Amino acid sequence: MIRSKTTAVYHHPWFLQFKIGAKSHPCDEALSTLYGDLLNTDIASRFIYPEFSMATDDILLLNHTHDHLDWVKEATVIFYDEDQDSSIASVEKIARLAVGATIDAIEKVMSGQVDRAFLLTRPGGHHAEAESAMGYCYFNNVAIAARYAQQQFGVKRILIVDWDVHHGNGTQKSFYDTDQVLYFSTHEYPLYPATGFYTEIGQDAGLGYNINLPLTTAQGDSAFVGIYQQLLSNIARQYKPELIIVSAGFDIHQDDQLGHMKASSACFGALTHIMLELAEQLCDGKILFCMEGGYSRKGVYEGVHAMLDVLSGQRSNKPDLVSDNLGKLIPEWHNAIKLFGKYWQLNGGS
Ligand SMILES: [Zn+2]
0 MIRSKTTAVY HHPWFLQFKI GAKSHPCDEA LSTLYGDLLN TDIASRFIYP EFSMATDDIL
60 LLNHTHDHLD WVKEATVIFY DEDQDSSIAS VEKIARLAVG ATIDAIEKVM SGQVDRAFLL
120 TRPGGHHAEA ESAMGYCYFN NVAIAARYAQ QQFGVKRILI VDWDVHHGNG TQKSFYDTDQ
180 VLYFSTHEYP LYPATGFYTE IGQDAGLGYN INLPLTTAQG DSAFVGIYQQ LLSNIARQYK
240 PELIIVSAGF DIHQDDQLGH MKASSACFGA LTHIMLELAE QLCDGKILFC MEGGYSRKGV
300 YEGVHAMLDV LSGQRSNKPD LVSDNLGKLI PEWHNAIKLF GKYWQLNGGS
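Note that the sequence shown covers residues 0 to 349 in numbering that gives the first Met the number 0.
Below you can see the structure in the form of structure tokens.
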């Protein structure tokens with residue numbers, strides 16, 4: 000059972016102004032309804048809601064180049080309808096605010112002011128590379144947060160877990176040659192951005208610290224729970240992170256319009272439960288959940304609620320132990336486990 004802890008939830012009206020593409024999208028509406036739920040229902044009292052501000056250049060430069068910052072300033076209105084009031088917030092300002100929220104969460108979690116954080120921010124960040132924006136991502140929130148935790152709090156081992164349906168090419172690239180960050184990703188493959196095969200295992204000091212499990216066929220709850228319960232948990236216990244950051248994408252949901260996975264809404268609660276247990280066991284509960292993609296109303300709305308329920312202890316969502324059928328479910332499983340087994344003690348590779 001996850002013990003009751005203080006969870007900070009980050010939201011801001013500016014994030015509702017970030018649109019996926021030029022027109023409103025069903026997932027935009029989902030976030031807006033979620034924000035309403037947080038303010039108006041009994042959910043409100045279960046969490047705390049810190050105030051935060053836009054990240055400064057110095058913070059963004061922890062993971063990005065000056066040229067990239069300049070480009071984002073220029074790019075500011077390209078995704079906006081003409082009738083939208085861009086004076087309220089530009090893409091650059093919204094993206095800066097998302098980073099600012101993530102940095103505030105790192106500050107509060109690392110200093111013990113809150114136990115953990117859930118960032119309902121936009122835009123996502125995991126595709127953004129040091130020198131380029133990609134896939135609706137401008138600044139890599141998670142990568143900047145990890146670098147900030149290293150710089151300000153001397154954290155030596157950070158586990159970044161990415162269950163978005165797309166591979167987090169930007170996050171992988173930021174930490175490909177270091178053992179101070181372990182990046183673990185499950186994602187549909189092939190799919191945008193076409194990176195993340197299991198053979199991309201890291202380089203130099205980072206060899207073995209970049210773990211990709213490409214999903215080449217549609218997978219549902221039992222595969223996701225099995226992978227995180229068996230493979231991720233096993234590697235994480237050996238790595239012993241001091242902080243865990245989750246790139247929580249909602250596009251593995253069965254209703255998603257861009258992904259082809261079959262996760263149910265409850266799956267997000269189950270994955271959250273697994274991650275919270277690991278954080279409790281390994282790093283005094285220090286964990287951030289950061290919103291990445293999600294392109295169906297139902298997936299985003301119900302997925303976030305499932306996570307909120309587990310984070311607030313309303314529902315345990317403790318998943319059943321999944322039997323050892325992952326080798327049958329996932330075509331690349333045996334080859335991937337064989338390669339990962341060179342770097343990590345893995346039992347069997349069922
Ligand atoms: Zn995605």
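Where is the CB? At the ideal position from N, CA and C, for every residue including glycine.
Since the structure is predicted, the reported quantities are computational estimates derived from the model, not experimental observations.
Item: Whether Gly268 touches Ala235 by CB criterion (7 Å); Value: no
Item: Boundaries (first-last residue) of the alpha helix (DSSP H) holding Cys266; Value: 264 to 282
Item: Residue nearest to Val245 in terms of C-alpha spacing, selected from Asp161, Ile226, Arg115, Gly205; Value: Asp161
Item: Buried versus exposed, by CB contacts within 10 Å (16 or more), Asp319; Value: exposed
Item: Closer than 6 Å: residues whose CB approaches a heavy atom of ligand 1; Value: Asp163, Val164, His165, Gly248, Asp250, Glu291, Gly292
Item: Status (buried if at least 16 other CB within 10 Å, exposed otherwise) for Leu38; Value: exposed
Item: Asn39 - DSSP class collapsed to helix/strand/coil; Value: helix
Item: DSSP state of Phe117 mapped onto helix, strand, coil; Value: strand
Item: Top-ranked residue by Cα proximity to Leu345, from Gln228, Lys172, Asp176, Asp57; Value: Gln228
Item: Where the beta strand (DSSP E) containing Tyr351 begins and where it ends; Value: With the chain covering 0 to 349 only, the question about residue 351 has no answer from this structure.
Item: Presumed contact (8 Å Cβ cut-off) between Leu33 and Leu119, rounded CB distance; Value: 7 Å
Item: Nearest neighbour of Gly123, chosen from Ser110, Arg156, Thr101 [CA to CA]; Value: Thr101
Item: Continuous beta strand (DSSP E) assignments of at least 3 residues falling wholly in the segment 120 to 176; Value: 157 to 161
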